[in-house]
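Undergrad: Take a look at the following structure, please.
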Amino acid sequence: MRPVVKQTFREQIVQELRASVLNGTLSPGSPVVEADLALKFGVSRGPLREALRHLIEEGLLVTKPYTGTHVATLSMQDIQEIFSLRVELEIFAFRLIWGRRDQAFINEFKRRHDVLLDRISAGDSEGCLIAELALHSFPYEASGHKLLLTTWVGLKSRLQLYWATYNRARGRMGPAPEHHVRYVELAAGSSFDDMATEVRAHMLHGFETMEEFMTFQEDVARRTQLAQRFA
723 MRPVVKQTFR EQIVQELRAS VLNGTLSPGS PVVEADLALK FGVSRGPLRE ALRHLIEEGL
783 LVTKPYTGTH VATLSMQDIQ EIFSLRVELE IFAFRLIWGR RDQAFINEFK RRHDVLLDRI
843 SAGDSEGCLI AELALHSFPY EASGHKLLLT TWVGLKSRLQ LYWATYNRAR GRMGPAPEHH
903 VRYVELAAGS SFDDMATEVR AHMLHGFETM EEFMTFQEDV ARRTQLAQRF A
């Protein structure tokens, strides 16, 4: 018989830990201690370890020998690689679907945008991340390219962490309401070249903000280390 209660515990732990990582309650690099979590959630190590494995597979947690499990961090190289790969993948996805877009595609694209606007209006930070991922996922889902979709799925967890960091850098719960308007309009338009240009500009805006934020964070860390060394 399927262990329903155990599965429920695992899902609850996954949801709460994911939210804590994405909203910054658990900061990048902070340790995730099994004993503390087992006490907090009032569960045995079994469902807790299953939940941690799930989040490790998502890329939100990492485990290193002799140091235990920690919240994943993003380096400047990570940010640059996510940006460069995402741009090319998303343009490729639109190229594949461009001649096959129909009214159903356009309606679904706009519906997903409406969901994102609703979550922004509600001030739901986790809901914004989910809705924004769903919006950007649609070209991949509609492409009919299995390997492309698999690659996107593998990138999504890192992208969640990227966007959560980006939102904190901007002091926002999610993207600005107008941020995807032109993106959605061009996705329903007639010019693929304009769409490709918008994809690059759309993502470059976020990348530049993240680059500035990461540079500031690294500078603060260096200054702190120097101060501690000579204290």
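According to our numbering, the stretch in the sequence shown is residues 723 to 953, in order.
No residue lacks a Cβ here, since even glycine has one placed at the ideal position from N, Cα and C.
Just to confirm, are Q799 and F763 a CB contact at a threshold of 9 Å?
TA: No, Cβ-Cβ distance for Q799 and F763 is not below 9 Å.
Undergrad: What is the residue span of the beta strand (DSSP E) that G896 lies within?
TA: Element bounds for G896: n/a, residue is neither H nor E.
Undergrad: Going by DSSP in three states, H792 sits in which element: helix, strand or coil?
TA: Strand at H792.
Undergrad: If the criterion is Cβ atoms closer than 9 Å, does the pair L744 and L782 meet it?
TA: In this structure, L782 lies closer than 9 Å to L744 by Cβ.
Undergrad: May I have the straight-line CA-CA distance separating R740 from C850, to the nearest angstrom?
TA: Using only the alpha carbons, I get a separation of about 14 Å.
Undergrad: Any idea what DSSP makes of V754, helix, strand or coil?
TA: It is a strand residue.
Undergrad: In three-state terms, what does DSSP make of T946?
TA: Correct three-state label for T946: helix.
Undergrad: For my contact list, L870 and F814 are in at a C-beta cut-off of 8 Å; report their separation, rounded to the angstrom.
TA: Correct: roughly 7 Å between the Cβ atoms.
Undergrad: Does the distance from the CB of P753 to the CB of G790 come in under 9 Å?
TA: Taking 9 Å as the Cβ cut-off, P753 and G790 qualify as a contacting pair.
Undergrad: Which of the three DSSP states, helix, strand or coil, is assigned to M723?
TA: A caution first: M723 carries a pLDDT of 34, below 50, which makes its placement in the model unreliable, though a value can still be read off. Coil.
Undergrad: What do you reckon, is the C-beta of I842 under 8 Å from a heavy atom of the ligand ADP?
TA: The ligand ADP is absent from the structure shown, which contains no ligands of any kind.
Undergrad: Below 8 Å on the Cβ atoms is my guess for I801 versus M925; work out the distance and round it to an integer in Å.
TA: So it is not a contact: roughly 11 Å between Cβ atoms.
Undergrad: Skipping 5 residues on each side, what residues in its chain have a beta carbon closer than 7 Å to that of S879?
TA: Cβ neighbours of S879 beyond the five flanking positions: E780, G781 and L782.
Undergrad: Take the Cβ of H927 as the centre, count every other Cβ of all protein chains shown within 10 Å, and call the residue buried at 16 or more, exposed below.
TA: Exposed, because fewer than 16 other Cβ atoms sit within 10 Å of the Cβ of H927.
Undergrad: Taking the C-alpha atoms as reference points, what is the distance between L877 and G866?
TA: Approximately 18 Å between the Cα atoms of the pair.
Undergrad: One question on the structure: do V906 and F831 come within less than 9 Å of each other, judged by their Cβ atoms?
TA: Closer than 9 Å, so yes.
Undergrad: Just list the residues that DSSP pairs L783 with in beta bridges.
TA: V793.
Undergrad: Just to confirm, are A910 and I842 a CB contact at a threshold of 9 Å?
TA: No. Outside cutoff.
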